[in-house]
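Novice: Take the sequence shown: its letter number 141 is residue 141 in the UniProt record's numbering, and every next letter is one higher.
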Amino acid sequence: MKPVYLFLSSILLFANCQKNNSEETVLSVPTDYSQMEMKQYTESQADILNPERGFYTHRGFSANKKETLSVSDIQKYRKEGISLVFTIYYLREFRDRPISEAFLEQIRHNMRVLREGGNKAILRFAYTSSRDEKPWDAPWDITQRHIAQLKPILQEYSDVICLMEAGFVGVWGEWYYTDNYVYKPKEGEYTPRARVLTALLDALPSDRMIAVRTPQAKLLTQGISAKDTLSASTAFQGTPLSRIAAHNDCFLADNDDRGTFANNLSYRNFWKAESKYVAMGGETCALSSLAVCSNALEQLSQYHWSYLNRDYHQDVFEQWKGGKCLDEIQKRLGYRFSLVKGYFTKTPKIGSPYQIELQLKNTGWASPFNPRSVELLFISEENPREKYKITLTDDPRYWFAGKKSTIKATFLLPNSMAKGKYTIYLNLPDPRKTLSLRKEYSIQLANKDIWNPQKGYNKIQEITLSEIGENNLGNIHSLAKFAE
1 MKPVYLFLSS
11 ILLFANCQKN
21 NSEETVLSVP
31 TDYSQMEMKQ
41 YTESQADILN
51 PERGFYTHRG
61 FSANKKETLS
71 VSDIQKYRKE
81 GISLVFTIYY
91 LREFRDRPIS
101 EAFLEQIRHN
111 MRVLREGGNK
121 AILRFAYTSS
131 RDEKPWDAPW
141 DITQRHIAQL
151 KPILQEYSDV
161 ICLMEAGFVG
171 VWGEWYYTDN
181 YVYKPKEGEY
191 TPRARVLTAL
201 LDALPSDRMI
211 AVRTPQAKLL
221 TQGISAKDTL
231 SASTAFQGTP
241 LSRIAAHNDC
251 FLADNDDRGT
261 FANNLSYRNF
271 WKAESKYVAM
281 GGETCALSSL
291 AVCSNALEQL
301 SQYHWSYLNR
311 DYHQDVFEQW
321 KGGKCLDEIQ
331 KRLGYRFSLV
341 KGYFTKTPKI
351 GSPYQIELQL
361 KNTGWASPFN
371 PRSVELLFIS
381 EENPREKYKI
391 TLTDDPRYWF
401 AGKKSTIKAT
411 FLLPNSMAKG
421 KYTIYLNLPD
431 PRKTLSLRKE
441 YSIQLANKDI
451 WNPQKGYNKI
461 QEITLSEIGE
471 NNLGNIHSLA
481 KFAE
């Protein structure tokens with residue numbers, strides 16, 4: 001099958017075309033390959049520590065233990081190739097009262113540590129961690145107040161929340177064993193759970209997703225059918241449907257993943273389609289013949305897995321080690337972008353348009369599910385103050401698994417640029433201001449000899465500017481000077 005090319009146009013040109021209404025119009029400039037220099041890139045097979053993907057480690061917290069994360073914990077996890085920490089907060093002591101200020105501060109502390117250390121959280125709240133603990137959860141009026149208490153924290157630290165799992169309902173927050181939200185609900189009995197989900201969607205910023213434990217949890221709280229899947233035009237819009245993601249905490253345990261799909265093939269197909277556009281992750285829970293490498297790799301691909309618990313279940317991980325697929329799983333969870341080739345203006349001149357075309361592929365199982373910026377940087381090799389950039393309109397969330405994508409950009413090299421040698425970088429930073437300059441939160445491409453570990457940039461080309469040219473394209477977007 002031939003690769004599908006997604007031409008994600010970033011033609012950043014605007015010219016005054018002589019129309020009767022004198023409006024400024026987008027001008028599309030085709031690539032003139034005869035005037036371009038072609039560069040090929042070598043793919044790397046190395047494990048890459050990248051944000052918002054991969055194996056995660058599990059940490060549980062409760063008010064009576066006073067345990068917290070430390071920066072040294074995060075540094076240790078990063079050395080182990082872990083950029084995600086599953087943080088579950090047990091609210092046992094608060095099933096009939098507000099969350100204490102001390103425990104709220106414990107949560108804030110962990111968030112600050114995650115930010116300082118360079119990792120993000122998969123976040124969940126629950127009231128119990130055992131079926132032997134009763135009650136299994138809190139009444140809605142209590143949970144509603146708890147979510148209201150947590151909302152300021154979720155807003156303030158949303159930059160380091162990769163996603164939130166719905167939680168609050170039932171043992172482990174898994175929406176199964178419950179005292180207050182209808183145990184084993186039928187189709188018309190999901191209203192109590194819908195209230196929880198609606199409150200959580202409101203508590204988090206609209207660019208963050210909330211994962212639910214089963215397909216029917218989304219279908220029956222939102223009143224949609226299994227055919228009502230997201231599409232490229234409805235995904236990533238900040239709407240409730242585009243924000244409700246998925247987590248499977250008994251992956252490959254049996255033919256139905258321990259009730260995850262209610263033995264309903266349409267539910268499976270729903271998640272296969274939906275997970276192209278929303279986060280999918282979770283954990284294994286038991287050794288099974290279905291967890292053999294061949295089936296595990298197929299299922300991880302079909303359901304677009306982005307994150308997976310490395311701590312549980314260890315028997316399954318040993319099976320994957322024995323089957324020699326664990327390394328592949330580690331590399332392919334989430335996105336894995338690599339450059340194939342690039343085209344660059346052959347004779348760049350100060351004051352003239354410059355054109356870039358980059359072809360990249362995604363050999364991971366998913367695309368990023370949170371917003372991600374795309375920038376081109378021109379940094380002088382001779383004068384560290386000579387730094388220029390342009391932000392493109394491309395959206396890496398649409399660089400889908402198994403596909404090739406093309407970035408095309410044409411822009412002006414401003415007259416203010418000094419002559420000399422420049423390195424061109426592709427930068428894929430976190431768009432949040434608190435993280436945008438942090439190398440830990442930028443995406444590293446899976447290519448040899450392009451990553452700048454000090455800055456978090458991907459080197460794509462070197463050029464020399466020695467001539468002055470002219471702009472024959474009119475009102476064209478230009479590189480702008482920046483300071484790091």
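Here a beta-carbon is modelled for each residue, glycine too, at the ideal position from N, C-alpha and C.
1. By DSSP, does Leu412 sit in helix, in strand, or in coil?
2. Does the separation of the CB atoms of Asp395 and Ile407 fall below 8 Å?
3. Could you give the DSSP three-state label for Lys481: helix, strand or coil?
4. Can you list, in chain order, the residues of its chain whose CB lies under 6 Å from that of Gly118, leaving out five sequence neighbours each side?
5. Span of the alpha helix (DSSP H) holding Glu357?
6. Does the distance from the C-beta atom of Glu381 to that of Tyr422 stay below 8 Å?
7. Can you give me the C-alpha to C-alpha distance between Glu24 and Leu437, rounded to a whole angstrom?
8. Let me know the secondary structure DSSP gives Ile450 once reduced to three states.
9. What first and last residue would you give for the alpha helix (DSSP H) that runs through His146?
10. At a cut of 8 Å, does the segment 139-148 reach the segment 33-46 through at least three beta carbon pairs?
11. Which residue's Cα is closest to the Cα of Leu358: Trp320, Thr410, Tyr388 and Gln330?
12. To test your reading of the DSSP string, which unbroken beta strand (DSSP E) runs of 3 or more residues are found completely within the segment 276-347?
13. Output needed for Arg78: all residues of its chain with C-beta closer than 8 Å, excluding positions within five of it in sequence on either side, in chain order.
14. Restricting to runs no shorter than 3 residues, where is the beta strand (DSSP E) found entirely within the segment 223-259?
15. Is it a yes or a no for the segment 162-175 touching the segment 123-132, going by three-plus beta-carbon pairs under 8 Å?
16. Please report the residue range of the alpha helix (DSSP H) in which Tyr457 lies.
17. So what does Gly420 bridge to, in DSSP terms?
18. Under the rule that 16 or more other beta-carbon atoms within 10 Å means buried, what is Pro215, buried or exposed?
19. How long is the line joining the alpha carbons of Arg336 and Tyr267, rounded to whole angstroms?
20. Does Glu189 come out as helix, strand or coil in the three-state DSSP assignment?
Specialist: Considering the structure as presented:
1. strand
2. no
3. strand
4. Glu440
5. From DSSP, Glu357 is part of no alpha helix (DSSP H) but of the beta strand (DSSP E) over Pro353 to Asn362.
6. Taking 8 Å as the Cβ cut-off, Glu381 and Tyr422 qualify as a contacting pair.
7. Any reading at Glu24 must be qualified, since the residue scores a pLDDT of 30, below 50, and its modelled position is unreliable; no value is offered.
8. In the three-state scheme derived from DSSP, where H, G and I count as helix and E and B as strand, Ile450 is classed as coil.
9. Trp140 to Glu156
10. Taking a cut-off of 8 Å on C-beta distances, the segment 139-148 does not touch the segment 33-46, as fewer than three cross pairs fall below it.
11. Thr410
12. 280-282, 307-309 and 337-345
13. Leu49, Gly117, Gly118, Asn119 and Glu440
14. 244-248
15. yes
16. Tyr457 -> not in any alpha helix (DSSP H); beta strand (DSSP E) instead, spanning Tyr457 to Leu465.
17. Leu465
18. Flag for Pro215 reads buried.
19. Answer to the nearest angstrom: the Cα atoms are 27 Å apart.
20. coil
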